[in-house]
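> Chain order of the listed sequences is A and B. Counting the first sequence from 1 gives a position; my numbering is that position plus 443. Counting the second sequence from 1 gives a position; my numbering is that position plus 365. Even glycine gets a Cβ: it sits at the ideal position worked out from N, Cα and C. This one's a predicted model, so the numbers in the text were calculated from it and none came from an experiment. Please find one structure pasted underneath; my questions will follow.
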Amino acid sequence: MNASTSETPAQATTILLVEDDAPTSWRLQDALSNAGYQVRAAGTLGEARAALAESAPKVLLTDLQLPDGHGVELIRETRARFPDTEIMVISILGDEESVISAITVGATGYLLKDAFPTDIAATVRDLVAGHSPISASIARFIVRRTQSTAEPPPGPPLNTTKLTPREIDILWGIAKGFSYAEIAGHLGLSRQTVPGHIKSIYRKLEVHTRGEAVFEAVQQGLIKL
Amino acid sequence: MSEAPASSALGDVRPWRASRIIQYVLLQALLSALCVLGLMQSLPAPPAEYRLTAFRLTEGGSERAVTLPQFTAPRYAIEESPRFAAQFVRPAAEARRLWSVFLPRFTNGVEVSVNGVVIHDSRRDPAANRPDRNTPQIADIPAPLLRDGVNDLSIRLFVWGPIPGFLDRVWVGPDEVLRPYYDRRTLLFVTLPVVFSAWQAILAVILGIMWLMRRHEPAYGVLAAAMATGFFQALLQTPMIETPFSRLSAVVIASAPLEGALVLTFTLLLAGWKWQRWWLVLFVPSLLLTLGGLIGGQPAARALFPFVGLPMVGLSLLIVAFVSGRSALREHNVASFLLGCAVTIMLTCWIVDLLSVFQIVNNRIFTGRLSYSAILVAIGAGLTWRFARALNQVDGFAGRLVAQVREAEEKLKESFAREEERARAAALARERARLMRDLHDGLGGQLVSIVALSERGNAAAGIGEAARAALKDLRLVIDSMDDIGGDLMLALGSWRERATAQLRPHGIALDWQIASTQGLPVHPELRPWHVIQIVRILDEALTNAVKHAQATRITVRIETVPGAEGPAHGCITVADDGRGFELAADGGGTAGSKTARGLRNMQNRAARCGAELGLSSGAAGTQVKLVLPHRFPDSDTATS
């Protein structure tokens, strides 16, 4: 996985990076620029909106806690206006609270702030290629939500009713630390299709509109008509 | 009879007690006297002008003049029955009115003839042929039989024992004059006993059911038996001819001693005595009578009755009087007091009856049986009342109980909520303490190290490493707090990610082998602090391999080892292909004091989880083998 980013022509890929902490922002910019990506940086929600007004980036990388608002707003807006833009959330810990809430509004991946520069570039490249990253703990969180329990478990709300048994099996494999190759072997899949499944899982967890949100709330029994 | 309790109790009794006894005895004497006074009141009789008292008695072939009422011998053969003959005058003016013969009292049966024609036989009347009843008879005289002026009246008296025959005065006169007197006596001596009998039957059923439902109160059952016996006794008529059932009837009719024994048993139970087997003696007389009746038939039952039945009844009454009096005085038992008074009345009636039987009193109105029935009914009603009151009390008690239970439930709920809150707070405090310790162990040290490095100013790479380690530890702590449902594989999955990320810059490959299909056994008792200890051991092993062993490949092998006996247990092996180090005698490494400390730390952590840590190192590399326990310990017992 020691990716040599120079192999991939990334000049065409534009990235909007929204991060209010300057050193972190510099670090990420450096890692991405060095990999050949075209990076625009924004420190606030306002700046990010202004940048989006100019042109649509191929990739949006955003922190959640911003000085003038929440990254979730930005993700939702971007997802609505530019469906082709890949969205990733930047998280310090990669915890389910931040990642899942970003996924439900349209993000398809996450990036750890302290990841090694090569890993940062590789993750973005994978995302553009249609491969969403997922951690064992996120996978664990999602599969646990597929198990019916009497009380809603703590954490952000999540509708897992659209996931297929195969997708749930994949999530179990990831949660237990199996590699994509091992999972593919167990489930009789091609190794290359597993990352695509994960992106599909993310897409299924997304709540698209207000109407859909209400529909799903009714489906899950959260709202009684 | 009332002296009995007094004389037996006086000896050892304090003065106030003696006065109470005297009071009680006086009261019983007064009751007795009032009773006698009442019994001496003669029943109203029809006008004297229609009364016949002067008869000629033909008995055993001889004839003599007698004046009614008249006693005879206790037994005659049917054909030798005594015949009483008299004449009466029916004035010609009365020819248009119906005339009757009124016999207010006789024992045991009568056949009435007017002018030589039989007009009435009392033996056909089931109520009239019972010697213990005071059944009157009235016979209409068919008009054609009567002549103006003198007519002949002949009465045959049938006597079959066990008591002497008796014929009270006879009235012959207009039916409309005599009948009201007949009706009054019928009401008193026929209808009333039937009413009592019916009442007794109902009470027998009620008390019997009570006893069936409350077997621990045999008093109800005994009284029910007494009532049932009384009812059947009243129901049957004296058999006139010998049939298979006639013996049974005779036995039942002669069941008075059985009733006496039952009532006595009931009194003893009511007074609070416990049933003793020797009380069966009380039933011996009735058994004798029953056997006699069944074997010898009606005559035997009749012959035995005066010698067995009567004394038993009297004895029963006396003991009942004594026991209830004693119970009333000693325990202030109101029920016993009332029973005592009732028995006094009954006993008085019974004695008067006896006097009549022995012809000491020139009368034959038996009141013993009537008073017994009346009192039994009163007792039954009282018991039913008591039972109903007890039910009410139970209802009230149940109501109070429901309220109390609800109250207690509320309190319990509150205290449970408090307890739950407290337990939650305690768990939270424990968790916070654990978190603090974990953060202190890892993150704290790393942050201090960052501070130290940054003050030296020239070790930027060191700062980065320390900060990265701090972040890694933070993720570990947060990750370990997640509930993984006892599946350690879920924790190892996250660890693999972190380990891969850690090894990537060093160019070390991580070979992840899961030897058994399920990986590791599931441990429901697995707690976050177990997870954190295990993951830190693995981290330490990994760090040692990276820093000191100069390894190029690290293999993590996860397997479930079947136990020789008992359940299988998990085993995690971390092996590198580095240069290894020498182990000291105490199991610690010699590669450096820092490594030695690290190894000791690993041993400690393993011990705290109940796991075994095996170390082996050589030229081919180092192997850390962590054997997990069958069951993780509940509390952190090992000293750290």
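1) Determine the DSSP secondary structure at residue 922(B), reduced to helix, strand or coil.
2) Considering just the uninterrupted stretch of the alpha helix (DSSP H) at residue 803(B), what are its terminal residues?
3) Which value, in whole angstroms, describes the spacing of the CA atoms of residue 762(B) and residue 638(B)?
4) Under 8 Å between beta-carbons, which chain B residues line up against residue 617(A)? List them in chain order, please.
5) So the candidates are 933(B), 938(B) and 909(B); which of them puts its Cα closest to the Cα of residue 946(B)?
6) I'd like to check one pair, residue 494(B) with residue 553(B): are the Cβ atoms closer than 9 Å?
7) Roughly how many angstroms lie between the CA atoms of residue 843(B) and residue 873(B), to the nearest whole one?
8) Quick check on residue 870(B) - is its C-beta less than 9 Å from some C-beta in chain A?
9) Would you mind listing the alpha helix (DSSP H) stretches within the segment 643-727 of chain B that are 4+ residues and don't spill past its ends, in chain order?
10) Since residue 435(B) and residue 517(B) should fall inside the 8 Å C-beta cutoff, what is the C-beta to C-beta distance between them, to a whole number of angstroms?
11) Along chain B, which residues have their Cβ under 7 Å away from the Cβ of residue 631(A)?
12) Is the Cβ of residue 862(B) closer than 9 Å to any Cβ of chain A?
13) Excluding sequence positions up to five away, which residues of its chain have a Cβ less than 6 Å from the Cβ of residue 585(A)?
14) Mind listing, in chain order, the continuous alpha helix (DSSP H) runs of no fewer than 4 residues lying wholly within the segment 448-483 of chain A?
15) Could you give the distance in angstroms between the alpha-carbon of residue 949(B) and the alpha-carbon of residue 814(B)?
16) For the beta strand (DSSP E) that contains residue 934(B), what are its first and last residues?
17) Is the CB of residue 884(B) under 9 Å away from at least one CB in chain A?
18) From residue 409(B) to residue 708(B), what distance separates their C-alpha atoms?
19) Out of 890(B), 845(B) and 384(B), point me to the one whose CA is closest to residue 901(B)'s CA.
20) Which residues bound the alpha helix (DSSP H) around residue 489(A)?
21) Should residue 949(B) be flagged as near chain A, meaning a C-beta pair shorter than 9 Å?
22) What residues from the segment 768-800 of chain B come within 8 Å of chain A, judged by C-beta to C-beta, listed N to C?
23) Run through chain B and tell me which residues come within less than 7 Å of residue 536(A), C-beta to C-beta.
24) Nearest-angstrom Cα distance between residue 626(B) and residue 685(B)?
25) Of all Cβ atoms in chain A, is any one closer than 9 Å to the Cβ of residue 933(B)?
26) What does residue 506(A) touch in chain B if you count any residue whose Cβ is under 9 Å from its own?
27) In chain order, which alpha helix (DSSP H) runs of at least 4 residues are fully inside the segment 493-579 of chain A?
28) On the CB-based measure, 16 or more other CB atoms within 10 Å of its CB, does residue 913(B) come out buried or exposed?
29) Only counting the same chain, and skipping five residues up and downstream in sequence, which positions put a Cβ closer than 7 Å to that of residue 612(A)?
30) Just to confirm the assignment, what range does the beta strand (DSSP E) spanning residue 991(B) have?
31) On the three-state DSSP scale, how would you describe residue 514(B)?
32) Quick check on residue 904(B) - is its C-beta less than 9 Å from some C-beta in chain A?
33) Report yes or no: do the segment 974-983 of chain B and the segment 887-903 of chain B share at least 3 C-beta pairs separated by less than 8 Å?
34) Could you pull out every residue in the same chain whose Cβ sits closer than 6 Å to the Cβ of residue 698(B), ignoring the five residues on either side in sequence?
35) Please name the residue in 654(B), 596(B) and 594(B) whose C-alpha comes closest to that of residue 612(B).
36) In the structure shown, what three-state DSSP assignment does residue 401(B) receive?
Based on what the coordinates show:
1) Assigned with DSSP and collapsed to three states, residue 922(B) falls in strand.
2) Secondary structure note for residue 803(B): its alpha helix (DSSP H) is the uninterrupted segment 733-804.
3) A direct Cα-to-Cα measurement between residue 762(B) and residue 638(B) gives close to 27 Å.
4) Within chain B, the C-beta atoms nearer than 8 Å to that of residue 617(A) come from 858, in chain order.
5) Considering only 933(B), 938(B) and 909(B), the residue with the shortest C-alpha distance to residue 946(B) is 909(B).
6) Against a cut-off of 9 Å, the Cβ pair of residue 494(B) and residue 553(B) comes out as no contact.
7) Computed Cα separation, rounded: 26 Å.
8) So, interface residue.
9) Whole alpha helix (DSSP H) segments, 4+ residues: 649-696 and 699-722.
10) Cβ atoms of residue 435(B) and residue 517(B) stay farther apart than 8 Å, at about 18 Å.
11) Residues of chain B passing the Cβ test: none, with the nearest at roughly 16 Å.
12) Yes, its Cβ sits closer than 9 Å to a Cβ of chain A.
13) Correct list, in chain order: 614.
14) DSSP runs (the alpha helix (DSSP H)) wholly in the segment 448-483 of chain A: 465-477.
15) A caution first: residue 949(B) carries a pLDDT of 47, below 50, which makes its placement in the model unreliable, though a value can still be read off. Residue 949(B) and residue 814(B): Cα-Cα distance of roughly 29 Å.
16) Note, residue 934(B): beta strand (DSSP E), 934-941.
17) Closer than 9 Å to some Cβ of chain A, the Cβ of residue 884(B) qualifies, so yes.
18) Each residue's Cα considered, the two are about 28 Å apart.
19) Nearest C-alpha to residue 901(B): 845(B).
20) Unbroken alpha helix (DSSP H) run through residue 489(A): 488-497.
21) In this prediction, residue 949(B) scores a pLDDT of 47, lower than 50, which makes its location untrustworthy; no coordinate-derived value is stated.
22) Those would be none; no residue qualifies.
23) The contacting residues are 839, 840 and 843.
24) Using only the alpha carbons, I get a separation of about 10 Å.
25) So, not an interface residue.
26) Within chain B, no residue comes near residue 506(A); the closest Cβ sits about 16 Å away, beyond 9 Å.
27) Listed in chain order, they are 514-524, 539-548 and 560-571.
28) Residue 913(B) should be labelled buried.
29) Answer for residue 612(A): 630, listed in chain order.
30) First-last of the beta strand (DSSP E) with residue 991(B): 986-992.
31) Strand, per DSSP.
32) Judged by the 9 Å Cβ criterion, residue 904(B) is not in contact with chain A.
33) The segment 974-983 of chain B vs the segment 887-903 of chain B: in contact.
34) Result list for residue 698(B): 692, in chain order.
35) For the residues 654(B), 596(B) and 594(B), the minimum Cα distance to residue 612(B) belongs to 654(B).
36) In the structure shown, residue 401(B) sits in a helix (DSSP, three-state: H, G or I).
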